[in-house]
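Heads up: the structure comes next, in structure tokens.
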Amino acid sequence: MAKKHVEGAAGFHHHYPKLAVIVTCHAQGRDNAMAVAWFSSISQKPPLIGISIAPKRYTYELIMESKEFGINFLSLEKADLVAGTGGCPGREVDKFERFNLEKDEALVTSVPILRDAYAAYECTLFSSYTIGDHEWFVGEVVATHYDEEAFTSTGHLDPTAVNPALFMGAELYYSTDQTTKRHLERAQYGKGLK
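In the working numbering, the protein residues as written are -10 to 183.
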């Protein structure tokens, strides 16, 4: 395989795929939902997760005001909801009405939890940082919602039960290959292969 070497980000899609999620929030008497692919787990104790939102987004404004947000994980079969919530402005459109987004009751926060999500986190704002042209919101997970049938007895996502929506950038969504699985023990492989 021939490698190409260029200066700069060259399209900035080489770090994909990423799970495509819908971030939800509530403030100013309104619910909002926004597609996000730039997020990451940060810490287990306390349980922290970060999301990257541009300041021009309505979601940014609502999170800054409410100091909380939800992260909703959806299957590839629901990727149209991810694309839809990412494709229209929340200031102008009630996305819950437009896309018939049904909600489950939050346990701790006021954020809407999407009924179509196979898992969701309620987060309170732990900290935020302006980094480049985005705001990095760090949330502490204060409640978790999940479909028990979507996960194995060890708590791992079961790809035979749920096909998570993977975003490749450039409006492309892919599925996981459910026929290939490798279990590699870090301790064993950390010793080196012979």
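Just so you know, even glycine gets a beta-carbon here, dropped at the ideal spot from N, CA and C.
Could you please give me the residues that DSSP links to residue i through a beta bridge?
i: Y110; result: I60, T133
i: F126; result: I40, S117
i: G158; result: L161
i: K92; result: L103
i: P153; result: S64
How many angstroms separate the CA atom of residue i from the CA atom of residue j?
i: F1; j: F28; result: 15 Å
i: F88; j: K(-8); result: 42 Å
i: F115; j: N21; result: 20 Å
i: L90; j: L96; result: 18 Å
i: P78; j: K84; result: 9 Å
i: P153; j: D105; result: 12 Å
i: A26; j: L8; result: 6 Å
i: A108; j: Y5; result: 21 Å
i: V71; j: A176; result: 38 Å
i: Y118; j: E124; result: 6 Å
i: K67; j: R46; result: 22 Å
i: T48; j: E(-4); result: 33 Å
i: L65; j: L146; result: 14 Å
i: T149; j: E86; result: 31 Å
i: Y135; j: H(-6); result: 43 Å
i: E81; j: M(-10); result: 47 Å
i: S32; j: F62; result: 19 Å
i: I42; j: F126; result: 8 Å
i: E137; j: V151; result: 11 Å
Tell me the DSSP secondary structure of residue i in three-state form.
i: E138; result: helix
Taking only runs that begin and end inside the segment -8 to 80, name each unbroken beta strand (DSSP E) of 3 or more residues, in chain order.
10 to 16, 19 to 25, 28 to 32, 37 to 42, 57 to 62
For the 8 Å Cβ check, are there 3 or more pairs between the segment 95 to 102 and the segment 9 to 21?
yes
How do the segment 48 to 59 and the segment 111 to 128 stand: do at least 3 beta-carbon pairs fall below 8 Å, yes or no?
yes
Kindly confirm or deny that the segment 127 to 138 and the segment 37 to 49 touch, where touching means at least three C-beta pairs closer than 8 Å.
yes
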